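S.K.: Residues in the sequence shown are numbered from 115 upward in steps of one, following my numbering.
Idealized CB from N, CA, C, for every residue including glycine.
As the structure is a computational prediction, the values presented were derived from the model and not from experiment.
Dropping a structure here in structure tokens format, bear with me for questions.
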Amino acid sequence: MKKVTKGAAIIETAGVTAVSGLFALKVASDKKKVWPVKVKNQCGEGKTKHFKIISPYAGIDWDTWTSYKGNLHTHSTASDSSVDFADMIEAHYAADYDILAMTDHGVINHGWNLPPRTTAFSFQSFFKKPTYLTEERYQEILTGVGRGGRGMLDVKDCIEMNAAVITKAHVNGYFTDVGQGKKGRENDYERPVKQVELSGGVSRINHPGDWIESYIDIEAAKKPENIWFFADIFKQYKSCLGMEVFNRKDGDTCGDRVLWDELLQVVIPSGRNVFGFGDSDAHALSDIDSAFGTYVMWRNTPSDLRRCMEKGAFFAIS
115 MKKVTKGAAI
125 IETAGVTAVS
135 GLFALKVASD
145 KKKVWPVKVK
155 NQCGEGKTKH
165 FKIISPYAGI
175 DWDTWTSYKG
185 NLHTHSTASD
195 SSVDFADMIE
205 AHYAADYDIL
215 AMTDHGVINH
225 GWNLPPRTTA
235 FSFQSFFKKP
245 TYLTEERYQE
255 ILTGVGRGGR
265 GMLDVKDCIE
275 MNAAVITKAH
285 VNGYFTDVGQ
295 GKKGRENDYE
305 RPVKQVELSG
315 GVSRINHPGD
325 WIESYIDIEA
335 AKKPENIWFF
345 ADIFKQYKSC
355 LGMEVFNRKD
365 GDTCGDRVLW
375 DELLQVVIPS
385 GRNVFGFGDS
395 DAHALSDIDS
405 AFGTYVMWRN
415 TPSDLRRCME
425 KGAFFAIS
């Protein structure tokens, strides 16, 4: 858990790539407050459209708030990973994470100290039943035993939806109670996004390049039909906060920053933003640290995390 100003130096010296928060790093170093400004853009025949540009980092107190290392896309034997549920949590704790969301396919995380409610398509659980943390160990991790009192946040009520689909049209839901045990529909992003919004939660699109196959042909990220497909979802559902732009070692998401840029050009004029997330989508222990997010918050609590996600006060690292 490092102060943001220190985190900026660490990121720079580590030689990693960071997006969505580059502007935040500059603001952190300059210690300047960012105020909304108005710009004009010519639209049509002599018509002027006004835009207000608001920094997602404008409300941050750079002197007192902290950057927290988090992974919001993680798997275990509760779905399709061979790594035990408890072991995956322990590995992230040992890797210095401050925030962890266990988002198994079709399985809502109700707490690391409770048995995951596996489903018919949690095939790894057929070979090894997931174990969970004892109450004693759970409290130790929450309170930061062995880490100087720096606990790791258990993000409850999170899930990867659209389970058991071949096309990998996956959506992560957070702060939601929908999707448990539900098989997905091929190529259907809108239904889970809508369900999460109706439940009062928030969502995001996972690894879209896996679906449009831009890792095979980068031009797929520039096709109007793909851009407008996702743009329509973002415009219609404000609770769908953004999309993964880094996933694991970036093999299948190497074109997703291109898609992101194209999407921003379409959705920003409608008055909303699309935030870029980075996560390891860990299925193996070796996936840990391949990508993650840094979340800038006053406190490491569920309510602060949700507010941070909704405002876009984070950046993705790979």
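Is the CB-CB distance between Tyr303 and Ile347 below 7 Å?
M.R.: Their beta carbons are under 7 Å apart, which means Tyr303 touches Ile347 by this criterion.
S.K.: Kindly indicate which residue of Gly392, Tyr409 and Val410 has the alpha-carbon position closest to the one of Ile402.
M.R.: Answer by Cα proximity: Gly392.
S.K.: If we count Cβ pairs, one from each stretch, closer than 8 Å, do we get three or more for the region 231 to 245 versus the region 259 to 273?
M.R.: No: fewer than three Cβ pairs fall under 8 Å.
S.K.: Report the residue ranges of all alpha helix (DSSP H) runs contained in full by the region 372 to 427; include only those spanning at least 4 residues, in chain order.
M.R.: Correct list: 416 to 425.
S.K.: Evaluate Pro306 with the Cβ neighbour count: other Cβ atoms within 10 Å of its Cβ, from every protein chain shown; 16 or more gives buried, anything less gives exposed.
M.R.: When all chains shown are included, Pro306 counts as buried.
S.K.: Rounded to a whole number of angstroms, what is the C-alpha to C-alpha distance between Val148 and Ala200?
M.R.: The predicted model places Val148 with a pLDDT of 34, which falls under 50 and marks its position as unreliable, so this point remains unresolved.
S.K.: Buried or exposed: Pro383, going by 16 or more other Cβ atoms within 10 Å of its Cβ?
M.R.: Answer is exposed; the Cβ neighbour count stays below 16.
S.K.: Give the range of the beta strand (DSSP E) segment to which Thr316 is assigned.
M.R.: Before going further, note that residue 316 is Val rather than Thr in the sequence given. Val316 to Ile319 is the span of the beta strand (DSSP E), which, as asked, contains Val316.
S.K.: Between which two residues does the beta strand (DSSP E) harbouring Met357 extend?
M.R.: First-last of the beta strand (DSSP E) with Met357: Cys354 to Asn361.
S.K.: Can you confirm whether the region 191 to 208 touches the region 409 to 422 when touching is taken to mean that 3 or more C-beta pairs between the two stretches lie within less than 8 Å?
M.R.: In short, these stretches do not touch, since the Cβ pair count stays below three.
S.K.: What residue ranges within the region 248 to 310 form continuous alpha helix (DSSP H) runs of no fewer than 4 residues, ordered along the chain?
M.R.: Counting whole runs of 4 or more residues, the region 248 to 310 contains the alpha helix (DSSP H) stretches 249 to 257.
S.K.: Of the residues Asp364, Gly173 and Glu311, which one's Cα is nearest the Cα of Ser394?
M.R.: Checking every option, the nearest Cα to that of Ser394 belongs to Asp364.
S.K.: Measure the alpha-carbon distance for Ser236 versus Ala277 and round it to whole angstroms.
M.R.: Cα to Cα, Ser236 sits roughly 9 Å from Ala277.
S.K.: In three-state DSSP terms, what is Ile222?
M.R.: In this structure, Ile222 counts as coil in the three-state DSSP scheme.
S.K.: Do the CB positions of Gly436 and Ala427 come within less than 7 Å of each other?
M.R.: Shown here, the chain extends from 115 to 432; a query on residue 436 therefore has no answer.
S.K.: Within the continuous alpha helix (DSSP H) that includes Lys336, where are the two ends?
M.R.: Looking at the DSSP string, Lys336 is not in any alpha helix (DSSP H), and its letter there is neither H nor E.
S.K.: Suppose you measure from the CA of Tyr252 to the CA of Ala335; what does that come to, to the nearest Å?
M.R.: Cα to Cα, Tyr252 sits roughly 42 Å from Ala335.
S.K.: Leu214: buried (16+ other C-beta within 10 angstroms of its C-beta) or exposed?
M.R.: Classification of Leu214: buried, given that the 10 Å Cβ count is 16 or more.
S.K.: Work out the CA separation of Gln309 and Arg318 for me, nearest whole Å.
M.R.: Distance between the alpha carbons of Arg318 and Gln309 is about 12 Å.
S.K.: Quick check: the region 208 to 227 against the region 164 to 178, are there 3 or more CB pairs under 8 Å?
M.R.: No contact exists between the region 208 to 227 and the region 164 to 178.
S.K.: With which residues is Lys459 paired in a DSSP beta bridge?
M.R.: Since the first residue shown for the chain is 115 and the last is 432, residue 459 is missing from the structure and cannot be characterised.
S.K.: Contact check, Ile273 vs Gly293 under 8 Å by CB: the rounded distance?
M.R.: The pair is a contact, with the Cβ atoms about 5 Å apart (cut-off 8 Å).
S.K.: Determine, using beta carbons only, whether Ala405 and Phe360 come nearer to each other than 7 Å.
M.R.: Their beta carbons are under 7 Å apart, which means Ala405 touches Phe360 by this criterion.
S.K.: Taking DSSP as the reference, what is the three-state secondary structure of Ile330?
M.R.: Of the three classes helix, strand and coil, the one that applies to Ile330 here is coil, per DSSP.
S.K.: For Met275, which residues from the same chain have a beta carbon less than 6 Å from its beta carbon, with the 5 sequence-adjacent residues on both sides left out?
M.R.: Only Val285, Gly287, Gly293 and Pro306 meet the Cβ criterion.
S.K.: Would you tell me roughly how many angstroms separate the C-alpha atoms of Gly225 and Thr248, rounded to the nearest one?
M.R.: Approximately 11 Å between the Cα atoms of the pair.
S.K.: Less than 7 Å separating the beta-carbons of Ile174 and Val410?
M.R.: Yes, Cβ-Cβ distance for Ile174 and Val410 is below 7 Å.
S.K.: Please name the residue in Glu250, Ile222 and Leu373 whose C-alpha comes closest to that of Gly315.
M.R.: The option with the nearest alpha carbon to Gly315 is Ile222.
S.K.: Between which two residues does the alpha helix (DSSP H) containing Ile203 stretch?
M.R.: Run containing Ile203: Phe199 to Ala208, per the alpha helix (DSSP H) assignment.
S.K.: Taking Cβ to Cβ, would you say Gly323 is nearer than 7 Å to Gly220?
M.R.: Against a cut-off of 7 Å, the Cβ pair of Gly220 and Gly323 comes out as no contact.
S.K.: Look up Leu214 in the DSSP assignment and give the residues it is bridged to.
M.R.: Bridge partners of Leu214: Asn185 and Asp268.
S.K.: Looking at Gly369: is its Cβ nearer than 7 Å to the Cβ of Ile332?
M.R.: In contact: Gly369 and Ile332 (Cβ atoms closer than 7 Å).
S.K.: Pull up the distance between the alpha-carbon of Lys270 and that of Asp218, whole angstroms please.
M.R.: Approximately 12 Å, taken between the alpha carbons.
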